[in-house]
Amino acid sequence: MAAAGNLCPGFFMKTITLQELLEAGCHFGHKAERWNPRARDFIYIEKDGIHIIDLVKTKAGLEQAAEFIRDTAAGGGQVMFVATKRQAKGIVKEEAKRAGAPYFTERWIGGFLTNWDEIKRNISKMNKMRIESEKGDWKVFPKHEQVKLARLLKRMAFFYEGVADLVKPPDVLFIVDVKKEVAAVREAQRSGVPIVAVVDTNSDPDQIKWVIPANDDAVGSIALIVKYLASAYEAGKNLYEKTLKDTAEPVKKPASTAQKLSDKPKAEPAPNNQKEVIQNPKTKVKRQRTSAKTPADSGLERGSSLKTKPKSSRTKKSTVK
Numbered sequence: 001m002a003a004a005g006n007l008c009p010g011f012f013m014k015t016i017t018l019q020e021l022l023e024a025g026c027h028f029g030h031k032a033e034r035w036n037p038r039a040r041d042f043i044y045i046e047k048d049g050i051h052i053i054d055l056v057k058t059k060a061g062l063e064q065a066a067e068f069i070r071d072t073a074a075g076g077g078q079v080m081f082v083a084t085k086r087q088a089k090g091i092v093k094e095e096a097k098r099a100g101a102p103y104f105t106e107r108w109i110g111g112f113l114t115n116w117d118e119i120k121r122n123i124s125k126m127n128k129m130r131i132e133s134e135k136g137d138w139k140v141f142p143k144h145e146q147v148k149l150a151r152l153l154k155r156m157a158f159f160y161e162g163v164a165d166l167v168k169p170p171d172v173l174f175i176v177d178v179k180k181e182v183a184a185v186r187e188a189q190r191s192g193v194p195i196v197a198v199v200d201t202n203s204d205p206d207q208i209k210w211v212i213p214a215n216d217d218a219v220g221s222i223a224l225i226v227k228y229l230a231s232a233y234e235a236g237k238n239l240y241e242k243t244l245k246d247t248a249e250p251v252k253k254p255a256s257t258a259q260k261l262s263d264k265p266k267a268e269p270a271p272n273n274q275k276e277v278i279q280n281p282k283t284k285v286k287r288q289r290t291s292a293k294t295p296a297d298s299g300l301e302r303g304s305s306l307k308t309k310p311k312s313s314r315t316k317k318s319t320v321k
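For the record, in the sequence shown the residue sitting at position 60 is 60 according to full-length UniProt numbering, with numbers rising by one throughout.
Set out below in structure tokens:
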């Protein structure tokens, strides 16, 4: 893997800086009495009863997570953005749409990963109902039936709008708050789906593969991190599409006239005693070229006499009027 921040030029955003993380408020943790002892490794200091997060570790974790997300997308994988908390759902929805990534911003549906077949049927049903509604196929039903169908479609779109294009389970989950999204974390662990997550001082980082130690409550912190990771996903997706385009079979160019003539086999000359037919493409008139006539060519059978026919002895009688 390429080092984070030095990824393929034109396919990734600029390297994040400590000043940007500081201005966004990524360093503010929770109150000291609410901390999780397993989060002590990325706590820099306690000040006024508040834990301060080490931004050097935040920067390293964010860049490593961005590289992992970009490489996943560059390999054709899908990363689903998950955030149901009020201050994060709007940001996640906007950035995921921009990057073309699936997202989930409403209450987590149990079995989304562990019972994917049922979820896939619901998504297919929603997409089918949406097409029928747009085509006006529901107009044949009574009015109250149309209202029922419209309500059902609205409810399904409320939950599945961000995953309408998913045809298989996501390859990676990005979660803003692992303490709030505990159901999603458990399903991902049971399904073997890697997790990239923002982990605050009150959360357990041991259950997360790619930890981003940062403030998961401040809007500025959430916006900076989500935008950075969404740009990484978009970069990987663009690289994947470019790779597919470059590796596609090139269209064969038509051969030049000179090449066609050189590749065309030369016709052997016809013997003198054979007929050579030359066909004019316009008049389609056949010409016959022959050599000097022989007895066989003139239609005389072998052994036939060449004597001239004798004149008849009968003479014409003149008619006297």
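We treat Cβ as the ideally placed atom computed from N, Cα and C, and that holds for glycine. Predicted model, so just to flag it, every value in this text is computed and none were measured.
ask   = For residue 28, does the three-state DSSP call read helix, strand or coil?
value = DSSP places residue 28 within a strand segment (E or B) once states are collapsed to three.
key: Spatially closest choice to residue 28 from 64, 210, 220, 107, by CA coordinates   = That would be 220, whose Cα lies nearest to the Cα of residue 28.
ask   = Would you call the CB atoms of residue 84 and residue 92 closer than 7 Å?
value = Their beta carbons are not under 7 Å apart, which means residue 84 does not touch residue 92 by this criterion.
key: Same chain only: Cβ atoms within 8 Å of residue 109, ignoring 5 sequence neighbours per side   = Around residue 109, the same chain offers 119, 159 as residues with beta carbons nearer than 8 Å, after the five sequence neighbours per side are excluded.
task = Would you check if there are 3 or more beta carbon pairs closer than 8 Å linking the segment 162-177 to the segment 191-211?
result = Between the segment 162-177 and the segment 191-211, the count of Cβ pairs shorter than 8 Å is three or higher; the stretches touch.
ask   = Hey, how far is the Cα of residue 20 from the Cα of residue 58?
value = Distance between residue 20 and residue 58, taken at the CA atoms: about 11 Å.
request  = Quick one: using the 10 Å Cβ neighbour count with 16 as the cut-off for buried, is residue 98 buried or exposed?
outcome  = So residue 98 ends up on the exposed side.
ask   = Distance, Cα to Cα, residue 75 vs residue 233?
value = When rounded, the distance between both Cα atoms is 11 Å.
ask   = Hey, residue 54 and residue 43 are a contact pair by Cβ (cut 8 Å); roughly how many whole angstroms apart?
value = Rounded, the Cβ-Cβ distance is 7 Å, consistent with contact.
query = To the nearest angstrom, how far is it from the Cα of residue 199 to the Cα of residue 39?
reply = Using only the alpha carbons, I get a separation of about 8 Å.
task = Please name the residue in 95, 201, 236, 243 whose C-alpha comes closest to that of residue 41.
result = Residue 201 is the option with its Cα nearest to residue 41.
query = Any idea if residue 72 is buried or exposed, counting beta-carbon neighbours within 10 angstroms, 16 or more meaning buried?
reply = Under this definition residue 72 is a buried residue.
The alpha helix (DSSP H) enclosing residue 211, as first and last residue numbers = Premise fails: residue 211 lies in the beta strand (DSSP E), 210-213, not in any alpha helix (DSSP H).
key: residue 243 beta carbon less than 7 Å from that of residue 187   = Their beta carbons are not under 7 Å apart, which means residue 187 does not touch residue 243 by this criterion.
inquiry  = I'd like the list of long-range same chain contacts for residue 144, defined as Cβ closer than 7 Å, with 5 residues on each side in sequence excluded.
reply    = Within the same chain, no residue comes within 7 Å of residue 144 by CB-CB distance, once the 5 residues on both sides are set aside.
message = By the DSSP assignment, the alpha helix (DSSP H) with residue 92 in it spans what residues?
response = 86-99 is the extent of the alpha helix (DSSP H) around residue 92.
request  = Keeping to the same chain, check which residues put their C-beta closer than 6 Å to that of residue 236; ignore five residues upstream and five downstream.
outcome  = The residues are 70, 73, 74.
Host beta strand (DSSP E) of residue 81 (start-end) = From DSSP, the beta strand (DSSP E) with residue 81 extends over 79-82.
query = Just the Cα atoms here: how many angstroms apart are residue 15 and residue 228?
reply = Straight-line spacing of the CA atoms in residue 15 and residue 228 works out to 9 Å.
request  = Classify residue 95 as buried or exposed, calling it buried when 16 or more other Cβ atoms lie within 10 Å of its own Cβ.
outcome  = Buried.
task = Please classify residue 47: does DSSP put it in a helix, a strand, or coil?
result = Here residue 47 sits in strand by DSSP.
task = Determine which residues share a DSSP beta bridge with residue 52 and list them.
result = Partner(s): 28, 45.
ask   = Pick from 248, 231, 223, 146: whose alpha carbon is nearest that of residue 89?
value = The option with the nearest alpha carbon to residue 89 is 223.
message = Here's the rule: buried if 16 or more other CB atoms are within 10 angstroms of the residue's CB, otherwise exposed. What is residue 124?
response = Looking at its Cβ environment, which holds fewer than 16 other Cβ atoms inside 10 Å, residue 124 is exposed.
key: Own chain partners of residue 317 with C-beta closer than 7 Å, once the 5 adjacent residues on each side are dropped   = Any reading at residue 317 needs caution, since the residue's pLDDT is 42, under 50, leaving its predicted position unreliable; the model's value is listed next. Cβ neighbours of residue 317 beyond the five flanking positions: none.
Assigned secondary structure, residue 326 (DSSP; H/G/I helix, E/B strand, else coil) = Absent from the structure is residue 326, since the part of the chain shown begins at 1 and ends at 321.
ask   = Can you give the beta carbon distance from residue 225 to residue 22, rounded, assuming they're within the 8 Å contact cut?
value = Not quite, the Cβ-Cβ distance comes to about 14 Å (not below 8 Å), so this is no contact.
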